[in-house]
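**Student:** Numbering (UniProt numbering), first residue to last: 1 to 539.
Have a look at this one.
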Amino acid sequence: MQSSKRVRKSRPPASREAAYRIIIRYVNEVCIQIRKFAKHYLNRDAIDYSACAKCLKDLCEVWETEPSKFPTWKEFFEKHKIKATEDGLRKKDSYKDLLNICERAREYELMIPGVREMIVECARGHLYKYCQSFIEEAEELEIQPVLEYEEAINAYRTEMDAKINKINKSILEYGEIKKPFETFISEGNVHAKLMEETCVLLIEVSHTAKKWIAEDSAYPDKLLQDIFFNNSYKEKLEDDIEKLRQKIRSTDGSIERKRKTHATLAREHSNHKRQKHRAKQSLEVVILKIQKLERDIEAKNKEIQQLKDEIADKTPVSPRYRSDLRLNLEREYGCLDKLEENKQVMERQKIRLDREFKSVNDSTYEYKVEAVTNRHEQHEMRQKMLGMEIEIKSIYDRISSIDQKSAVLKKIRLLNLSPDTLRMMHKRRIKIQENGQLEEACKFVSNYIGKDWKKLYERLPFIPPRDPDRKMKDLEVIDRISAHRDRTPEESALFSLEKWRSFNRQCELGQLIRGLRKLNKVDLAEKIESRYSVEDVYG
């Protein structure tokens, strides 16, 4: 049997510090190689490339060959080793520079692929995988340090991807300009500048990686600082709630005192109102009496005037009659004096009652004003209490939000510090990769299994187990749907494998391969193993 391809499964770092050490090792190795290369080949006196091109032509004349015979520096360097060179040429600076250009190209071409691979592995194999903000744990909460670090991650990734793309572009440009060798020498300043730019980009990416690691290592401390800030802010809010509750209790006591005062004022107002009513009635009675006395006095004055007119009349009357008239006049004067005296008494009584009525009326109004003012003050105090209760509810909502944010911050910090997180992230990526491979493998198998898809479905494992009767019912349903929709055998096969994946909670690529082997589809099983680098699952 042919041996299947075995791929060693990559493991996540043991801890975040271990991941940092791996990245730092990559970055330091890149920086060392770049600095070593720059020290030997870039940080030196300027090369006269036109003189080097002339030296190349002189060498080709000595060797009796054409410069076009050398596609790259490699052919020239090999030729240089086996061909003799005059001492005069060897001593020239241009000759030494020409050899230095070849050595520089050799070192550059040997170094750059490995260095680029290390940078890419450092970025995409470690930084992108393990330096995470875990912003998905925050859900809809806006947590400032998490948002800031997520923005920083996106900025780092964008910057590193852009520079890696520039590095790739520079490498491709170098590959295009290194042929022919004659042009490579004559336009040496072009590829020298390209080499320098590539080295600078690699150093910049390395520094960005170190900066990212520094920020990632400081991320838990930032989260902890935010947790401490939230706790102190929560304590301040709780103190504010206690102060508001004290104010509410104090205001409630004031309202109770105002309520009792209002009850007293209401009673006094009611009493004074009754006194005012009685005083008003007494005053009205006195006024009526004065009016009656005035009418009586007026009538009495008329009677007296009539008696006076009779007495003054010259008509002869008996002396007795005249004497009676005088007696009657005197009696009427006496009655008039008595009426005047009664009127004066009533007027004095009216003045006294006016004074009493005014006093009672003023007191009644004052009590009414005080009662109304008291009621308004109570209403304002209740509105103030309502405002304080609303503020307390708002503070409780803020505390609840702070608790939620603190819980998320603690969870994210724990995820960031826990070594198990790296394994969890690694397993999640492996699972996503396996699911993608399984889906692709199902499409691949459905194109080759043809009408045998029913037999394959019967041989595939199910977790939890699915009894044969249910499998037969599944096949009947798939057959009926396929006939109704006029599906091809390949489409029915893919539909049956999708059903298998939905019913099997732990479906794997190995289970599909074992099902194919049970169906004696060994060639198809080996194709799947080879295509997706799966270990031999036979037997």
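The beta carbon of each residue, even a glycine, is placed where N, CA and C say it ideally should be.
Small disclaimer: the values here were computed from a predicted structure and weren't measured.
For Lys179, which of helix, strand or coil comes out of DSSP?
**Tutor:** For the purposes of this step, residue 179 is identified with residue 179 of the sequence shown, where counting begins at 1. If DSSP states are grouped into helix, strand and coil, Lys179 belongs with coil.
**Student:** Find out if the Cβ-Cβ distance for the pair Leu127, Ala209 is shorter than 8 Å.
**Tutor:** For this step, residue 127 is matched to residue 127 along the sequence shown. For this step, residue 209 is matched to residue 209 along the sequence shown. In contact: Leu127 and Ala209 (Cβ atoms closer than 8 Å).
**Student:** How long is the line joining the alpha carbons of Ile101 and Ser94, rounded to whole angstroms?
**Tutor:** Stepping through the sequence shown from its first residue, residue 101 is reached at position 101. Stepping through the sequence shown from its first residue, residue 94 is reached at position 94. Near 10 Å, if we compare the C-alpha coordinates of Ser94 and Ile101.
**Student:** Return the CA-CA distance between Ile392 and Arg245, expressed in angstroms with no decimal places.
**Tutor:** Counted from its first residue, the sequence shown places residue 392 at position 392. Counted from its first residue, the sequence shown places residue 245 at position 245. Distance between the alpha carbons of Ile392 and Arg245: 8 Å.
**Student:** Determine the closest residue to His200 out of His484, Arg35 and Pro489, with distance taken between C-alpha atoms.
**Tutor:** Sequence index remark: in the sequence shown, residue 200 carries index 200 (1-based). It should be pointed out that residue 200 corresponds to Val in this sequence rather than to His. Nearest C-alpha to Val200: Arg35.
**Student:** Tell me whether the beta-carbon of Leu293 lies closer than 8 Å to the beta-carbon of Leu339.
**Tutor:** Taking the sequence shown and counting its residues from 1, the one referred to as residue 293 is at position 293. Taking the sequence shown and counting its residues from 1, the one referred to as residue 339 is at position 339. Cβ atoms of Leu293 and Leu339: closer than 8 Å.
**Student:** Is it right to say Met472 is buried, meaning 16 or more other beta carbons lie within 10 angstroms of its own, or is it exposed?
**Tutor:** Against the sequence shown, residue 472 aligns to sequence position 472. Counting Cβ neighbours within 10 Å, Met472 comes out exposed, since fewer than 16 surround it.
**Student:** Roughly how many angstroms separate the alpha carbons of Glu197 and Lys39, rounded to a whole number?
**Tutor:** Indexing the sequence shown from 1 puts residue 197 at position 197. Indexing the sequence shown from 1 puts residue 39 at position 39. The straight-line gap from Cα to Cα measures roughly 15 Å.
**Student:** Quick one: Cα of Lys9 to Cα of Ala214, how far?
**Tutor:** What you label residue 9 is simply residue 9 of the sequence shown in a count that begins at 1. What you label residue 214 is simply residue 214 of the sequence shown in a count that begins at 1. Residue placement at Lys9 cannot be trusted, given a pLDDT of 47 that sits under 50; what the coordinates show is reported in the next sentence. Rounded to whole angstroms, Lys9 to Ala214 spans 29 Å at the Cα level.
**Student:** Can you tell me whether residue 540 is buried or exposed, with buried defined as 16 or more other CB within 10 angstroms of its CB?
**Tutor:** Nothing in the structure corresponds to residue 540, since the chain is present only between 1 and 539.
**Student:** Measuring only the C-alpha atoms, how far is Glu125 from Cys131?
**Tutor:** As a first step, residue 125 is located in the sequence shown; it is residue number 125 there, counting from the start. As a first step, residue 131 is located in the sequence shown; it is residue number 131 there, counting from the start. First, the amino acid is wrong: residue 125 is Gly here, not Glu. About 11 Å.
**Student:** For Arg348, which of Ile390, Glu370, Asp48 and Leu283 has the nearest alpha-carbon?
**Tutor:** Position 348 of the sequence shown, counting from 1, holds the residue named residue 348. Answer by Cα proximity: Leu283.
**Student:** In or out: Arg267 buried (at least 16 other Cβ within 10 Å) or exposed?
**Tutor:** Against the sequence shown, residue 267 aligns to sequence position 267. By the 10 Å Cβ count, Arg267 comes out exposed.
**Student:** Assuming Lys405 and Asn230 are in contact, meaning their beta carbons sit under 8 Å apart, how far apart are those beta carbons, in whole angstroms?
**Tutor:** Counted from its first residue, the sequence shown places residue 405 at position 405. Counted from its first residue, the sequence shown places residue 230 at position 230. About 6 Å separates the CB atoms of Lys405 and Asn230; that is less than 8 Å, so the two are in contact.
**Student:** Are the CB atoms of Gln511 and Pro465 within a distance shorter than 8 Å?
**Tutor:** For the purposes of this step, residue 465 is taken as the residue at position 465 of the sequence shown. For the purposes of this step, residue 511 is taken as the residue at position 511 of the sequence shown. No, the pair does not count as a contact, with Cβ atoms beyond the cut-off.
**Student:** Do three or more CB pairs link the stretch 440 to 458 to the stretch 487 to 506 at distances below 8 Å?
**Tutor:** yes
**Student:** Take every Cβ of the stretch 265 to 280, pair it with every Cβ of the stretch 316 to 330, and state whether three or more of those distances are shorter than 8 Å.
**Tutor:** no
**Student:** On the three-pair Cβ rule with 8 Å, is the stretch 157 to 173 touching the stretch 108 to 120?
**Tutor:** yes
**Student:** DSSP three-state label for Phe462, please.
**Tutor:** For this step, residue 462 is matched to residue 462 along the sequence shown. In the three-state reduction of the DSSP assignment, Phe462 falls in the coil class.
**Student:** Measuring CB atoms only, is the stretch 327 to 337 touching the stretch 353 to 363, in the sense that at least three cross pairs come out at less than 8 Å?
**Tutor:** No: the two stretches stay apart, fewer than three of their Cβ pairs being nearer than 8 Å.
**Student:** Is the number of C-beta pairs between the stretch 39 to 48 and the stretch 60 to 78 that are closer than 8 Å three or more?
**Tutor:** no
**Student:** Determine, using beta carbons only, whether Ile399 and Lys234 come nearer to each other than 8 Å.
**Tutor:** The residue you call residue 399 lines up with position 399 of the sequence shown. The residue you call residue 234 lines up with position 234 of the sequence shown. Against a cut-off of 8 Å, the Cβ pair of Lys234 and Ile399 comes out as a contact.
**Student:** Where does Pro316 sit, in a helix, a strand or coil, going by DSSP?
**Tutor:** Counting from one through the sequence shown, the residue named residue 316 turns up at place 316. Residue state, collapsed to three classes: coil.
**Student:** Run through the stretch 18 to 66 for me and flag every whole alpha helix (DSSP H) of 4 or more residues, listed as ranges in chain order.
**Tutor:** 49 to 63
**Student:** Since Lys513 contacts Glu498 with CB under 8 Å, what's their CB separation in whole angstroms?
**Tutor:** Mapped onto the sequence shown, residue 513 falls at position 513. Mapped onto the sequence shown, residue 498 falls at position 498. Looking at the sequence itself, residue 513 is Ile, so the reference to Lys does not match. That pair is no contact at about 18 Å.
**Student:** Output needed for Tyr219: all residues of its chain with C-beta closer than 8 Å, excluding positions within five of it in sequence on either side, in chain order.
**Tutor:** In the sequence shown, the residue the question calls residue 219 occupies position 219. Closer than 8 Å at the Cβ level, and outside the excluded window around Tyr219, lie Ser133, Pro145, Tyr149 and Asn416.
**Student:** Please identify the residue among Ile143, Phe181, Leu194 and Ile119 whose C-alpha is closest to the C-alpha of Asp161.
**Tutor:** Within the sequence shown, numbered from 1, the residue matching residue 161 stands at position 161. That would be Ile119, whose Cα lies nearest to the Cα of Asp161.
**Student:** What is the DSSP secondary structure of Pro220, counted as helix, strand or coil?
**Tutor:** Locating residue 220 in the sequence shown gives position 220, where the first residue counts as 1. Looking at Pro220 - three-state DSSP - the assignment turns out to be helix.
**Student:** For Gln383, does the three-state DSSP call read helix, strand or coil?
**Tutor:** Position 383 of the sequence shown, counted from the first residue, corresponds to residue 383. The answer is helix: DSSP assigns Gln383 an H, G or I state.
**Student:** Measuring alpha carbon to alpha carbon, tell me which of Ile82, Lys289, Ile227 and Asp252 ends up nearest His379.
**Tutor:** Taking the first residue of the sequence shown as 1, we reach residue 379 at position 379. Out of Ile82, Lys289, Ile227 and Asp252, Asp252 has the C-alpha closest to the C-alpha of His379.
**Student:** Can you tell me whether Lys521 is helix, strand or coil according to DSSP?
**Tutor:** Here residue 521 corresponds to residue number 521 of the sequence shown, with the count starting at 1. Looking at Lys521 - three-state DSSP - the assignment turns out to be coil, as it is neither helix nor strand.
**Student:** Would you give the residue range spanned by the alpha helix (DSSP H) that Ala483 belongs to?
**Tutor:** One-based indexing of the sequence shown puts residue 483 at position 483. Element bounds for Ala483: Pro468 to His484.
**Student:** Can you tell me where the alpha helix (DSSP H) with Pro93 in it begins and where it stops?
**Tutor:** Residue numbering aside, residue 93 sits at position 93 when the sequence shown is read from its first letter. Note that residue 93 corresponds to Asp in the displayed sequence, not to Pro. Here the alpha helix (DSSP H) through Asp93 covers Asp93 to Cys122.
**Student:** Would you mind stating whether Ile164 and Val205 have Cβ atoms separated by less than 8 Å?
**Tutor:** Counting from 1 along the sequence shown, the entry for residue 164 is found at position 164. Counting from 1 along the sequence shown, the entry for residue 205 is found at position 205. Yes; because the gap between Cβ atoms is below 8 Å, this pair is in contact.
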